[in-house]
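All remarks here apply to the structure that follows.
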Amino acid sequence: MITLYTWGTPNGRKATIMLEELGVDYRIHKVNIGKDEQFDPEFLKISPNNKIPAIVDEDADGGPLSLFESGAILIYLADKYGRFLPVSGAGRYTAIQWLMWQMGGLGPMFGQLGWFTLSAPEPNPVGQDRYRKEADRLLGVLDKRLSESRHVGGDEYSIADIAIYPWIAQYRVRIKDEIEPLLQKRPFVLSWLDRVGERPAVQKGMQLP
Ligand SMILES: N[C@@H](CCC(=O)N[C@@H](CS)C(=O)NCC(=O)O)C(=O)O
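Going by this note's numbering, the first residue of the sequence shown is number 20, and it counts up by one from there.
Okay, here's the thing in structure tokens:
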């Protein structure tokens, strides 16, 4: 059995979407980051960087395995169940490349734009402008990619789509006034959001926990 330690944020939802897509048995252990539960010593044994998501797989090869970092969790689950990531060849590394692009680019930049928009103790136009420009640039990169390819990693739906979707779908609502005008310039991203958002596992994963 896999235990997923998570909360209702985009990084957490990558893991719930993936587990729902796989249709495997798992249980959710909620870590309320609004109440600082990510600093609980028991959770830190699993996720020493005090962030969700993390998993513990009791049935991993070689004994129980705990993992943090959503990208590592997606690669692990894809490899374990042989789905949503080619096992070898160029397609595998192209999907991983876009996964890394999300982990190092889209996620952190959207996250900072969210912080400057919703959480900064006082308005900071310089910070907000910087991250808005980065969010806009990154959506342009994604739009170009999706003008050439049905899914982000290639023709097939993969963990790259699973990693990127919750960031855009959730922030489109969370900081609507910032993201929606940027998205309206990106027709290929918009149609990809519709297609991915129609998947039942994506709809379920986006509601959990
Ligand atoms: N690179 C990490 C980032 C995880 C992350 O930032 N998680 C946030 C929620 S989306 C968190 O747990 N924040 C709690 C904190 O920073 O104390 C991943 O992709 O797993």
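Every residue gets a Cβ at the ideal spot worked out from N, C-alpha and C, and that includes glycine.
Taking a contact to require three or more Cβ pairs closer than 8 Å, the region 68-82 and the region 20-33 qualify as touching. Between the C-alpha atoms of G123 and G82 there is a straight-line separation of about 30 Å. For S138, the Cβ stays outside the 8 Å cut-off from all heavy atoms of ligand 1. Taken from the Cβ of N51, every heavy atom of ligand 1 lies 8 Å or farther away. Collapsing the DSSP output to three states places S85 in a strand. Distance from the CA of D80 to the CA of I92, rounded to the nearest whole angstrom, comes to 15 Å. For the 9 Å CB-CB criterion, W211 and P29 do not form a contact. Beta-carbon to beta-carbon, A114 and A179 are separated by about 5 Å, close enough to satisfy the 8 Å threshold. By the C-beta density criterion, V145 is exposed, having fewer than 16 other C-beta atoms within 10 angstroms.
At a Cβ-Cβ threshold of 9 Å, I71 and G31 count as neighbours.
K70 carries a coil assignment under DSSP once its states are collapsed to helix, strand and coil. When secondary structure is reduced to three states using DSSP, I194 falls in the coil class, being assigned neither helix nor strand. In this structure F129 is buried. Its beta-carbon is surrounded by 16 or more other beta-carbon atoms within 10 angstroms.
Here R102 has L41 as same chain residues with Cβ atoms under 7 Å from its own Cβ, once five neighbours each way along the sequence are excluded. In this structure, L201 and D155 form a Cβ contact; the two beta carbons are roughly 5 Å apart against a cut-off of 8 Å. Approximately 7 Å separates the beta-carbon atoms of G90 and A182; this is inside 8 Å, confirming the contact. Counting along the chain, the unbroken beta strand (DSSP E) around Y45 starts and ends at 45-49. Distance from the CA of F62 to the CA of L38, rounded to the nearest whole angstrom, comes to 20 Å.
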